[in-house]
Amino acid sequence: MTPMVTPTHLQANAQQEAFYLNRLKTAPPQIKARLDALQAEGKQRGWTFTVGYTTAMDRSLAQLTG
Numbered sequence: 001m002t003p004m005v006t007p008t009h010l011q012a013n014a015q016q017e018a019f020y021l022n023r024l025k026t027a028p029p030q031i032k033a034r035l036d037a038l039q040a041e042g043k044q045r046g047w048t049f050t051v052g053y054t055t056a057m058d059r060s061l062a063q064l065t066g
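Numbering (the numbering used here), first residue to last: 1 to 66.
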């Protein structure tokens, strides 16, 4: 069953995309470099998801995994 896409979903997606694009604009150079590397890896490996600058990238692996 295909999920129904409503105008509300489209608006939420547009707002989310704008949020992450604005976040990327202010990202430190090392974050931008890491994202570039991850996006290149994803393209090479055929990932079906996108990689973006989320709050997880502001934390170390130890902080994320406890």
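C-beta: ideal position from N, C-alpha, C; glycine also.
### Query
residue 7 lies in the alpha helix (DSSP H); which residues open and close that run?
7-25
### Task
Taking residue 17 as the reference, give the member of 50, 61, 65 with the closest Cα.
It is 50 whose Cα lies nearest to the Cα of residue 17.
### Task
State yes or no: is the C-beta of residue 12 within less than 7 angstroms of the C-beta of residue 53?
no
### Query
How about residue 31 and residue 57: do their beta carbons lie closer than 7 angstroms?
yes
### Task
Kindly indicate the opening and closing residues of the alpha helix (DSSP H) around residue 40.
29-45
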